[in-house]
Amino acid sequence: MTFNVNRLKAERIAANMTQEEVAERLGKKRTWYAKKESGITNVGVDDLAAIASVLNVTDVSIFFTKNVPETQHLYKKE
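Here is the structure:
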């Protein structure tokens, strides 16, 4: 699974919040949050839980995309 920073931004925008507002509610600086949202720095489990809470997201799995190796794909027999 891969963390999807685009979804993080989309949820913030859907919550009608700025990066500054999210950061303020987390007790952090805007630059700290901006680096997380842009993928410059990783989002840890604790940070993700806090951000999800601020954004009122109850299912954090929406922030992840599933990566299935090509060798594990099921192929249809024709």
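Position one of the sequence shown corresponds to residue 15 (this note's numbering), numbered consecutively onward. In this text, a Cβ means the ideal position worked out from N, Cα and C, and glycines have one as well.
What are the boundary residues of the alpha helix (DSSP H) that includes Val71?
Against the sequence shown, residue 71 aligns to sequence position 57. In the DSSP annotation of this structure, Val71 is not part of any alpha helix (DSSP H), being labelled neither H nor E.
Have a look at Arg21 and Glu35 and give me their C-alpha separation to the nearest angstrom.
Residue mapping note: residue 21 aligns to position 7 of the sequence shown, counting from 1. Residue mapping note: residue 35 aligns to position 21 of the sequence shown, counting from 1. Taking the straight line from one Cα to the other gives about 17 Å.
Within 10 angstroms of its Cβ, does Ile27 collect 16 or more other Cβ (buried), or is it exposed?
Residue mapping note: residue 27 aligns to position 13 of the sequence shown, counting from 1. Burial call: exposed.
Alpha carbons only, please: which of Leu40, Thr55, Trp46, Lys50 is nearest the one belonging to Val68?
Translated into the one-based positions of the sequence shown, residue 68 becomes position 54. For Val68, the nearest C-alpha among the options comes from Leu40.
In whole angstroms, give me the CA-to-CA distance for Phe77 and Met15.
Along the sequence shown, read from residue 1 onward, the residue named residue 77 stands at position 63. Along the sequence shown, read from residue 1 onward, the residue named residue 15 stands at position 1. Rounded to the nearest angstrom, the two C-alpha atoms are 10 Å apart.
Going by the CB atoms, is the gap between Thr72 and Asn18 shorter than 8 Å?
By one-based count along the sequence shown, residue 18 stands at place 4. By one-based count along the sequence shown, residue 72 stands at place 58. Contact flag unset, no.
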